[in-house]
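Novice: Just so we're aligned, residue -2 is where the sequence shown starts under our numbering, counting upward by one.
Questions regarding the structure given below will be posed in turn.
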Amino acid sequence: MNEKLVKDKFETYERRINNRGERLDKLDQDSRELKTVNKLII
-2 MNEKLVKDKF ETYERRINNR GERLDKLDQD SRELKTVNKL II
């Protein structure tokens, strides 16, 4: 593979990993908020 293609593939995978990380962070935050709401209800 040429250097430009390798760089493009690397950047694509890096973006995908970062996006997944952001989604996991959001899920963790939502989970904490839901647990807090549940404690208030009970």
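By construction, the Cβ of each residue, glycine as well, lies at the ideal position given by its N, Cα and C atoms.
Could you tell me the alpha carbon to alpha carbon distance between residue 24 and residue 39, rounded to whole angstroms?
Specialist: 22 Å
Novice: Quick one: Cα of residue 19 to Cα of residue 29, how far?
Specialist: Distance between the alpha carbons of residue 19 and residue 29: 15 Å.
Novice: Does at least one heavy atom of the ligand COA sit under 7 Å from the Cβ of residue 29?
Specialist: Summarising the ligand content, the structure contains no ligands, and the ligand COA is consequently not present.
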